[in-house]
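K.L.:
All the letters of the sequence shown, read from the start, carry residue numbers 0 to 367 under numbering that gives the first Met the number 0.
Here you go, one structure.
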Amino acid sequence: MKTLSALLLAGLLLCLQGCVPGQYMTKEGLTEGTPTDNSQIQLLTITPQLLQQSPQGDLNATVPQALLDYRPEPYRIGPGDTLYITVWDHAELTSPAGVQQQTVANGRLVRSDGTLFYPYVGSIKVEGLTLEELRAQLSSKLAKFVERPQVDVNVVGYNSQRILLQGAFMKTDPQPITAVPLTLGQAIGTATINADQANLGDMILVRDGKDYHLDLSGTSSNTRHSPAQDIYLKPGDRIFLPYNDTKEVYVMGEVMRPQAVNFRTVASINLTQALGRVGGLNPLTANGKEVYVIRGASNFENAPAKVFQLDARSPAAFALGDQFWMKPGDVVFVGPAGITRWNRVISQLLPSLSVISTAAYTNYSVNH
């Protein structure tokens, strides 16, 4: 029977060889494309150099090139605009309501069909024209009645082209597009962000039916140039700033209390704080070298998931963790130490050994 027991034990060990129960990952496994394809994973080590390149934990924010490439065209007149047309030395054409009236009172409204009426010229189509193009047309037509007319055109009421703002702004009134190009930074500055409720980590700019997600959570006008200052707005753009509902970071693996960590303000909790909320690393089972932050695993189609690794075996490592800001949906995973993996093998093996021992004892009792 002893021979049978030895054979059963050897068989169980053979079955378990190379298969370690429990949940863990290794850097080697990631670089070799296991368990997922290497094209879907980007492994990055958290170092001072990495944090310096991407301050405030803004390690996954990119501005679409299409937004950066857009440059506004000269302003084009549209229905609803009010124009002030000056013909020098001809007050009856410039200020028909009287020079004592305000400029707006002498303005000429562009009608809904894109036309306006002007003396000696009649009804003229102005929609889609630049100010310079309209000035040239009026000068040409008035030359038949006015000797060498000097014409100037200005917009005194911008009403045809607007951008819309929704969400966590203090002022959500539509903002006009004018002859002076408007940037995203200027627009949100005028609207005034509700700092207590806004989620700057996922601002959405809707343009021509396409949504552009922008992460502005890591920017500050005092410490860093905001990419919002480089994005010019286009007539019809819509800006949506979502409300900052409760966010979660998931901390699991060899920590004292694996759980979801809640927070409200984007970029308000760093890696060290997240680990602290769960009681820190388990000193008996954790492998301090294997602290990972998994980010972006829900959207492999657009970009590979990022896996950030922190070697937390020295106290100095937590200084890096203080500068690594978490994002909603991040998964923090702490791998087990080698002895932990062996203990898990033994714990799963012991019930089988108990069965073998019982069978051997029964066989010995029957034979003796």
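Idealized CB from N, CA, C, for every residue including glycine.
As the structure is a prediction and not an experimental result, all values here were calculated from the model.
Sort Lys288, Asp68 and Asp80 by Cα distance to Ala178 and report the nearest one.
P.N.:
Reading the sequence shown from its first residue, position 179 is the one you call residue 178. That would be Asp80, whose Cα lies nearest to the Cα of Ala178.
K.L.:
Quick one: which unbroken beta strand (DSSP E) runs of 3-plus residues sit fully inside the region 216-289? Chain order, please.
P.N.:
List check, beta strand (DSSP E) in window: 237-240, 246-252 and 258-262.
K.L.:
Under a three-way DSSP split, which group does Gln196 fall into?
P.N.:
Position 197 of the sequence shown, counted from the first residue, corresponds to residue 196. If DSSP states are grouped into helix, strand and coil, Gln196 belongs with coil.
K.L.:
Run through DSSP, which three-state label would Asn153 get?
P.N.:
Reading the sequence shown from its first residue, position 154 is the one you call residue 153. Strand at Asn153.
K.L.:
Please state whether DSSP places Ser122 in a helix, a strand or coil.
P.N.:
As a position in the sequence shown, residue 122 is number 123, starting the count at 1. It is a strand residue.
K.L.:
Within 10 angstroms of the Cβ of Thr191, are there 16 or more other Cβ atoms? Answer buried if so, exposed if not.
P.N.:
On the sequence shown, residue 191 is found 192 positions in, with the first residue counted as 1. When all chains shown are included, Thr191 counts as exposed.
K.L.:
If Gly287 sits next to Ala311, beta carbons under 8 Å apart, how far is it from one beta carbon to the other, in whole angstroms?
P.N.:
Locating residue 287 in the sequence shown gives position 288, counting from the first residue. Locating residue 311 in the sequence shown gives position 312, counting from the first residue. Right, their Cβ atoms sit about 4 Å apart.
K.L.:
In chain order, what residues of the same chain have a beta carbon less than 7 Å from the beta carbon of Gln185, not counting five sequence neighbours either side?
P.N.:
In the sequence shown, counting from the first residue as 1, residue 185 sits at position 186. Within the same chain, no Cβ atom closer than 7 Å to the Cβ of Gln185 is found once the five residues on either side in sequence are excluded.
K.L.:
Roughly how far, in whole angstroms, is the beta-carbon of Leu181 from the beta-carbon of Leu215, given that I think they are within contact range, below 8 Å?
P.N.:
Taking the sequence shown and counting its residues from 1, the one referred to as residue 181 is at position 182. Taking the sequence shown and counting its residues from 1, the one referred to as residue 215 is at position 216. Contact doesn't hold; Cβ gap of about 17 Å is too wide.
K.L.:
Just reading off the beta strand (DSSP E) that Ile203 is part of, what are its end residues?
P.N.:
Mapped onto the sequence shown, residue 203 falls at position 204. Here the beta strand (DSSP E) through Ile203 covers Met202 to Arg206.
K.L.:
Using three-state DSSP, classify Ala304 as helix, strand or coil.
P.N.:
Within the sequence shown, numbered from 1, the residue matching residue 304 stands at position 305. Strand, per DSSP.
K.L.:
Looking at C-beta atoms only, is the number of pairs between the region 320-337 and the region 248-258 that lie closer than 8 Å three or more?
P.N.:
yes
K.L.:
Would you mind working out which of Val145, Val62 and Asn193 sits nearest Tyr242, comparing C-alpha positions?
P.N.:
Here residue 242 refers to the residue found at position 243 of the sequence shown. Considering only alpha carbons, the answer is Asn193.
K.L.:
Determine contact between the region 40-54 and the region 113-123, defined as no fewer than three beta-carbon pairs at a distance below 8 Å.
P.N.:
Output reads no: the region 113-123 does not touch the region 40-54.
K.L.:
With distances taken from CA atoms, which of Leu66, Ile84 and Val333 is nearest Gly156?
P.N.:
One-based indexing of the sequence shown puts residue 156 at position 157. Measuring from the Cα of Gly156, the nearest candidate turns out to be Ile84.
K.L.:
What does a CB cutoff of less than 6 Å around Ser138 pick up in its chain, not counting 5 residues either side in sequence?
P.N.:
Translated into positions along the sequence shown, residue 138 becomes position 139. These residues qualify, in order along the chain: Pro148 and Val150.
K.L.:
State yes or no: is the C-beta of Asp321 within less than 7 Å of the C-beta of Thr271?
P.N.:
Counting from one through the sequence shown, the residue named residue 321 turns up at place 322. Counting from one through the sequence shown, the residue named residue 271 turns up at place 272. Yes, they are a contact pair.
K.L.:
Within 10 angstroms of its Cβ, does Leu204 collect 16 or more other Cβ (buried), or is it exposed?
P.N.:
Within the sequence shown, the letter at position 205 stands for residue 204. So Leu204 ends up on the buried side.
K.L.:
At the level of alpha carbons, what is the spacing between Gly200 and Ala90?
P.N.:
If you number the sequence shown from 1, residue 200 lands on position 201. If you number the sequence shown from 1, residue 90 lands on position 91. Their Cα atoms are separated by approximately 55 Å.
K.L.:
Can you give the Cα-Cα distance for Thr129 and Glu72, rounded to whole angstroms?
P.N.:
Locating residue 129 in the sequence shown gives position 130, where the first residue counts as 1. Locating residue 72 in the sequence shown gives position 73, where the first residue counts as 1. Whole-angstrom Cα-Cα distance: 9 Å.
K.L.:
Quick check: what's the CA-CA separation for Gly56 versus Leu50?
P.N.:
Locating residue 56 in the sequence shown gives position 57, counting from the first residue. Locating residue 50 in the sequence shown gives position 51, counting from the first residue. The pLDDT assigned to Gly56 is 44, lower than 50, so where the model puts this residue is not dependable, and the model offers no usable value.
K.L.:
Since Glu253 and Val333 should fall inside the 8 Å C-beta cutoff, what is the C-beta to C-beta distance between them, to a whole number of angstroms?
P.N.:
Mapped onto the sequence shown, residue 253 falls at position 254. Mapped onto the sequence shown, residue 333 falls at position 334. That belief holds up - the Cβ atoms of Glu253 and Val333 are roughly 5 Å apart, short of 8 Å.
K.L.:
Could you give the residue range of the beta strand (DSSP E) that holds Thr85?
P.N.:
Here residue 85 is taken as the residue at index 86 of the sequence shown, counted from 1. Segment Thr81 to Val86, the beta strand (DSSP E) holding Thr85.
K.L.:
First and last residue of the alpha helix (DSSP H) that includes Ile187?
P.N.:
If you number the sequence shown from 1, residue 187 lands on position 188. Note, Ile187: alpha helix (DSSP H), Leu183 to Ala190.
K.L.:
Do you know how far the Cα of Ile176 is from the Cα of Asn198?
P.N.:
The residue labelled residue 198 in the question sits at position 199 within the sequence shown. The residue labelled residue 176 in the question sits at position 177 within the sequence shown. In a straight line, the C-alpha of Asn198 is about 25 Å away from that of Ile176.
K.L.:
Counting only the same chain and skipping the five closest in sequence on each side, list residues whose C-beta sits under 6 Å from that of Tyr291.
P.N.:
On the sequence shown, residue 291 is found 292 positions in, with the first residue counted as 1. Contacts found: Val306, Gln308 and Phe332.
K.L.:
For Ile162, which option in Ile238, Asp88 and Glu131 has the closest C-alpha, if you only look at C-alpha atoms?
P.N.:
Taking the first residue of the sequence shown as 1, we reach residue 162 at position 163. Taking only the C-alpha atoms, the option nearest Ile162 is Ile238.
K.L.:
Considering Cα atoms alone, identify which of Arg70, Asp88, Gly188 and Asp236 is closest to Asp210.
P.N.:
Start at 1 with the first residue of the sequence shown, and residue 210 comes out as number 211. Of Arg70, Asp88, Gly188 and Asp236, the smallest CA-CA separation from Asp210 is found for Asp236.
K.L.:
Pull up the distance between the alpha-carbon of Leu92 and that of Phe144, whole angstroms please.
P.N.:
Here residue 92 refers to the residue found at position 93 when the sequence shown is read from its first residue. Here residue 144 refers to the residue found at position 145 when the sequence shown is read from its first residue. When rounded, the distance between both Cα atoms is 12 Å.
K.L.:
Distance, Cα to Cα, Phe116 vs Arg107?
P.N.:
Translated into positions along the sequence shown, residue 116 becomes position 117. Translated into positions along the sequence shown, residue 107 becomes position 108. So the two alpha carbons sit approximately 8 Å from each other.
K.L.:
Roughly how far, in whole angstroms, is the beta-carbon of Glu126 from the beta-carbon of Pro78, given that I think they are within contact range, below 8 Å?
P.N.:
Looking up residue 126 in the sequence shown gives position 127. Looking up residue 78 in the sequence shown gives position 79. Rounded, the Cβ-Cβ distance is 6 Å, consistent with contact.
K.L.:
With distances taken Cα to Cα, identify the nearest neighbour of Arg70 among Pro173, Val277 and Asp229.
P.N.:
As a working note, residue 70 is residue 71 in the sequence shown. Comparing C-alpha distances from Arg70 to each of Pro173, Val277 and Asp229 shows the shortest one belongs to Asp229.
K.L.:
Given this structure, state the Cα-to-Cα distance separating Leu42 from Lys170, to the nearest angstrom.
P.N.:
For this step, residue 42 is matched to residue 43 along the sequence shown. For this step, residue 170 is matched to residue 171 along the sequence shown. The straight-line gap from Cα to Cα measures roughly 42 Å.
K.L.:
Helix or strand or just coil, what does DSSP make of Gln93?
P.N.:
Numbered from 1 along the sequence shown, position 94 holds the residue referred to as residue 93. The residue asked about is misnamed: residue 93 is Thr in this sequence, not Gln. Three-state result, Thr93: helix.
K.L.:
Thinking just about the alpha-carbon of each residue, which of Thr114, Pro314, Ile187 and Gln165 is nearest to the one in Ser225?
P.N.:
Taking the first residue of the sequence shown as 1, we reach residue 225 at position 226. It is Ile187.
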